[in-house]
Ligand code: BG6
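Numbering (our numbering), first residue to last: 345 to 864.
This is the structure in structure tokens:
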């Protein structure tokens with residue numbers, strides 16, 4: 345017998361189950377933003393300090409932003425340039441000299457968004473920075489305000505002509521945070537308002553889940569490998585489970601959360617986007633148009649439930665007091681800013697059907713909630729059982745069906761579970777798992793989702809942003825569920841103790857189909 349061939353990426357002949365050479369991360373270091381002024385509306389707010397400024401600091405440290413870059417903060421809070429610069433320094437503990445240098449050029453405009461003079465001051469400041477910092481008329485307007493201000497800010501920008509690049513510039517672009525509408529009709533109204541001011545090609549709607557490396561890895565896994573795609577369909581997959589579990593509660597966002605709930609906060613956007621990538625058809629190319637065309641096509645195949653189905657295929661829950669990670673925590677109704685009689689859901693479980701050639705008959709079960717036992721986001725494809733199990737039952741007692749699990753967070757990687765023989769005389773079979781860990785394969789820090797997305801918006805790559813038709817389609821799926829829940833005869837919101845995996849009603853939802861939630 346000839347000696348076994350050595351695999352190329354198995355240089356020392358060791359044969360771990362998966363051998364991935366540790367390599368330096370290529371990616372973003374090769375992408376550079378053009379000269380640009382980033383205008384942040386809501387500059388004194390939480391998102392700016394928590395996400396936007398630290399991401400900019402990282403981008404600067406990684407030399408992904410040019411010298412010809414600056415930030416202009418706009419907000420109602422009274423601050424001057426020096427005050428905003430201090431805020432920018434304080435938001436990045438342990439910052440570098442390069443961040444200090446960049447921050448020293450940051451500018452700030454105090455003003456109301458309904459006052460055109462705020463925008464004329466902004467125009468003057470932008471002209472100044474074009475001269476002082478060389479930003480060359482390129483503008484990226486980041487709307488980190490409360491959502492009710494999105495349309496107003498866009499309208500004011502257009503009224504003063506800031507919806508066009510400045511002198512010699514190439515782009516004037518809008519980045520919009522979630523939530524994008526609170527149902528289909530408000531989302532369509534917002535889209536219309538924005539389209540009256542900016543072309544769709546310059547509107548970048550953020551869903552930070554798309555900035556997560558592991559979510560993007562879905563594309564690599566599915567379309568850069570030959571081994572997964574053949575089994576990625578109804579012939580082999582029994583069902584799919586999507587879990588977005590959080591151990592945190594609503595924190596200081598009780599007031600906001602009361603107007604949202606888990607369906608709007610997580611399912612309409614993050615879950616739908618993940619489902620889109622995992623279930624869509626192969627795109628013609630990996631670019632903004634092809635990927636988003638395929639996602640929207642997939643979303644269109646998700647069955648829009650009628651009112652009766654919407655009720656029976658969904659469960660909503662709300663946490664009561666309990667214990668999370670050793671800490672006693674309050675119930676949702678006891679949280680600051682929450683109505684003591686609130687019916688807002690902090691948990692949702694859904695069964696979705698996808699009516700297309702690839703996925704017909706393969707249910708997609710979704711669960712998401714706050715104050716669950718632990719933080720974990722993953723997508724699991726459970727494969728069909730083998731047609732005939734030739735082993736005696738008692739020898740295959742510990743055998744479960746095959747799974748493909750895409751781990752989004754906190755562990756990042758992929759796990760494939762399959763049966764293996766237990767060493768010994770008997771032919772006993774047990775489930776084992778083959779794990780790929782992002783951190784082991786690619787040591788080093790994974791960039792924050794915002795870092796990736798802000799750079800993409802500057803570069804002008806819309807692939808990881810949500811297009812108008814995707815937003816509308818996701819709301820079309822979610823709207824009937826919201827309507828069913830608001831019916832006066834609807835099943836009231838179920839409850840679950842904080843620190844558990846959700847209400848028992850959610851277990852019944854999946855058990856009805858002789859299936860069960862994966863143990864996480
Ligand atoms: C946000 C939601 O979009 O996503 C929050 O508004 C939620 O309620 C957060 O906590 C979860 O994001 P991540 O990245 O921690 O999974």
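Backbone N, C-alpha and C fix where the C-beta goes; we use that ideal spot for every residue, glycine too.
Residue i burial status per 10 Å Cβ neighbour count (16 or more: buried)
i, result
"residue 437", "exposed"
"residue 701", "exposed"
"residue 824", "buried"
"residue 830", "exposed"
"residue 373", "Per-residue confidence for residue 373 stands at a pLDDT of 49, beneath the threshold of 50, marking its modelled position as unreliable; the derived number appears in the next sentence. Exposed, by the Cβ-count rule."
"residue 567", "exposed"
"residue 669", "exposed"
"residue 746", "buried"
"residue 658", "buried"
"residue 501", "buried"
"residue 620", "buried"
"residue 863", "exposed"
"residue 571", "exposed"
"residue 540", "exposed"
"residue 800", "buried"
"residue 661", "buried"
"residue 512", "exposed"
"residue 865", "Absent from the model: residue 865. The displayed extent of the chain is 345 to 864, so no value can be given."
"residue 466", "buried"
Within 8 Å, strictly: CB atoms of residue i and residue j
i, j, result
"residue 552", "residue 793", "yes"
"residue 388", "residue 419", "yes"
"residue 423", "residue 454", "yes"
"residue 515", "residue 804", "yes"
"residue 887", "residue 691", "The requested residue 887 does not occur in the structure, where the chain is confined to residues 345 to 864."
"residue 777", "residue 761", "yes"
"residue 381", "residue 667", "no"
"residue 638", "residue 616", "no"
"residue 523", "residue 604", "yes"
"residue 510", "residue 536", "no"
"residue 845", "residue 693", "no"
"residue 528", "residue 819", "yes"
"residue 664", "residue 835", "no"
"residue 683", "residue 602", "yes"
"residue 646", "residue 696", "yes"
"residue 739", "residue 764", "no"
"residue 451", "residue 416", "yes"
Close Cβ partners of residue i (< 7 Å) along its chain, the five nearest in sequence each way excluded
i, result
"residue 447", "429, 432, 433"
"residue 397", "432, 435, 436"
"residue 946", "A query on residue 946 cannot be resolved here, the shown segment of the chain reaching from 345 to 864 and no further."
"residue 412", "379, 477, 478, 479, 480"
"residue 580", "727, 728"
"residue 817", "640, 643, 644"
"residue 555", "793, 794, 796, 797, 808"
"residue 814", "636, 639, 640, 643"
"residue 742", "774, 775"
"residue 614", "551, 553, 588"
"residue 671", "none"
"residue 534", "494, 495, 524, 525"
Sequence-distant residues of its chain with Cβ nearer than 6 Å to residue i (five each side left out)
i, result
"residue 364", "Caution applies to residue 364, whose pLDDT of 43 falls short of 50 and renders its modelled position unreliable; the value that the coordinates give is listed next. Excluding positions up to five away in sequence, the list reads 785."
"residue 766", "772, 774"
"residue 622", "562, 723"
"residue 590", "714, 719"
"residue 421", "388"
"residue 577", "702"
"residue 449", "414, 477"
"residue 457", "493, 496, 497"
"residue 734", "none"
"residue 626", "567"
8 Å CB neighbourhood of residue i in its chain, flanking five on each side removed
i, result
"residue 860", "851, 854"
"residue 592", "714, 715, 719"
"residue 488", "384, 385, 386, 387, 389, 391, 392, 396, 521"
"residue 907", "In this structure the chain extends from 345 to 864, so residue 907 is not present and cannot be described."
"residue 531", "524, 525, 815, 816, 819"
Checklist entry - Are at least three pairs of beta-carbons, each pair with one atom in the stretch 647-655 and one in the stretch 580-593, less than 8 Å apart? => result With a cut-off of 8 Å, the stretch 580-593 and the stretch 647-655 do not count as touching, because too few Cβ pairs lie within range.
Checklist entry - Does the stretch 744-764 come close enough to the stretch 556-565 to have 3 or more Cβ pairs within less than 8 Å? => result Inter-segment contact for the stretch 744-764 and the stretch 556-565 is present: three or more beta-carbon pairs are separated by less than 8 Å.
Checklist entry - Looking at C-beta atoms only, is the number of pairs between the stretch 675-688 and the stretch 843-857 that lie closer than 8 Å three or more? => result Short answer: they don't touch.
Checklist entry - Given 8 Å as the limit, is there contact between the stretch 601-617 and the stretch 706-717, that is, 3 or more CB pairs closer than that? => result The way I'd put it, the stretch 601-617 does touch the stretch 706-717; three or more beta-carbon pairs between them come closer than 8 Å.
Checklist entry - Enumerated in chain order, which unbroken segments of the alpha helix (DSSP H) with a length of 4 residues or greater are wholly contained in the stretch 430-471? => result Counting whole runs of 4 or more residues, the stretch 430-471 contains the alpha helix (DSSP H) stretches 441-447.
Checklist entry - Taking only runs of the alpha helix (DSSP H) that begin and end inside the stretch 567-642, which ones reach a length of at least 4 residues, in chain order? => result Listed in chain order, they are 598-604, 616-623.
Next on the checklist: Report the start-end ranges of each alpha helix (DSSP H) in the stretch 777-850 that is 4 residues or longer and not cut off at the edges.
Outcome noted: With a minimum length of 4 residues, the continuous alpha helix (DSSP H) runs that stay inside the stretch 777-850 are 782-785, 793-803, 812-830.
Item to check | Runs of beta strand (DSSP E) wholly within the stretch 661-746 (minimum 3 residues, chain order) | outcome: Fully enclosed beta strand (DSSP E) runs of 3 or longer: 666-668, 671-673, 691-696, 708-713, 720-727.
Item to check | Contact between the stretch 401-412 and the stretch 497-509 (3+ Cβ pairs under 8 Å) | outcome: Here the stretch 401-412 makes no contact with the stretch 497-509; the two share fewer than three CB pairs at distances below 8 Å.
Next on the checklist: Below 8 Å, how does it come out for the stretch 536-549 and the stretch 514-528: are there three or more Cβ pairs, yes or no?
Outcome noted: A contact exists between the stretch 536-549 and the stretch 514-528.
Item to check | 3 or more residues per run - each beta strand (DSSP E) lying fully within the stretch 476-515 | outcome: Runs of the beta strand (DSSP E) inside the stretch 476-515: 483-487.
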